[in-house]
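**Q**
Residue numbers (the working numbering): 2 to 111.
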């Protein structure tokens with residue numbers, strides 16, 4: 002099952018580096034550095050950026066897994082890590098990244 006169709010689980014375990022490398026193939030344009038999964042999204046304007054932020058927040062609340070976001074006029078950087086796993090990356094981070102990628106494609110391909 003594709004990551005974007007899966008749901009986060011509680012008490013997810015930290016991933017081994019080779020698993021992180023394999024999962025990166027499933028989340029295009031994301032990078033994993035020092036236990037943080039990150040991507041910057043480009044949007045047409047501020048209003049679209051805020052709509053995107055709100056949509057990401059809805060995904061995060063539904064999954065009970067919340068990212069850090071840095072908002073600019075037409076950009077939003079989303080970063081995931083799992084605090085309960087000591088700030089490491091877990092499969093939950095990749096599940097949410099895939100969901101956000103799908104969300105972004107839906108918002109920008111219209």
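Using N, Cα and C, we set each Cβ at its ideal position, and we do this for glycine too.
#1: So, do the region 15–30 and the region 89–104 have three or more beta carbon pairs nearer to each other than 8 angstroms?
#2: State buried or exposed for residue 94, treating a residue as buried only when at least 16 other CB atoms are found within 10 Å of its CB.
#3: Can you find the residues in the same chain that come closer than 6 angstroms, C-beta to C-beta, to residue 21, ignoring five residues on each side of it along the sequence?
#4: On the criterion of 16 or more Cβ atoms from any shown chain inside 10 Å, does residue 19 qualify as buried, or is it exposed?
#5: According to the Cβ coordinates, are residue 44 and residue 108 closer than 9 angstroms?
#6: For residue 41, list the residues DSSP reports as bridge partners.
#7: Identify the continuous beta strand (DSSP E) that holds residue 69 and give its terminal residues.
#8: Taking the alpha carbon of residue 156 as the reference point, which residue from 87, 110, 88 and 83 has its own alpha carbon closest?
#9: When we look at the beta-carbon of residue 6 and count the other beta-carbons within 10 Å, is it buried (16 or more) or exposed?
#10: Return the bridge partner residues of residue 32 from the DSSP annotation.
**A** Let me lay it out:
#1: With the cut-off at 8 angstroms, the region 15–30 and the region 89–104 touch.
#2: Buried, since its Cβ has 16 or more Cβ neighbours within 10 Å.
#3: The answer, listed in chain order, is 33 and 90.
#4: Its Cβ having fewer than 16 others within 10 Å, residue 19 is exposed.
#5: Yes, the Cβ-Cβ distance between residue 44 and residue 108 is below 9 angstroms.
#6: Residue 41 is bridged to 78.
#7: From DSSP, the beta strand (DSSP E) with residue 69 extends over 69–72.
#8: This structure leaves residue 156 out entirely; the chain is present only between 2 and 111.
#9: Around the beta carbon of residue 6, fewer than 16 other beta carbons sit within 10 angstroms, so the residue counts as exposed.
#10: DSSP, once it has assigned bridges, lists 39 as partnering residue 32.
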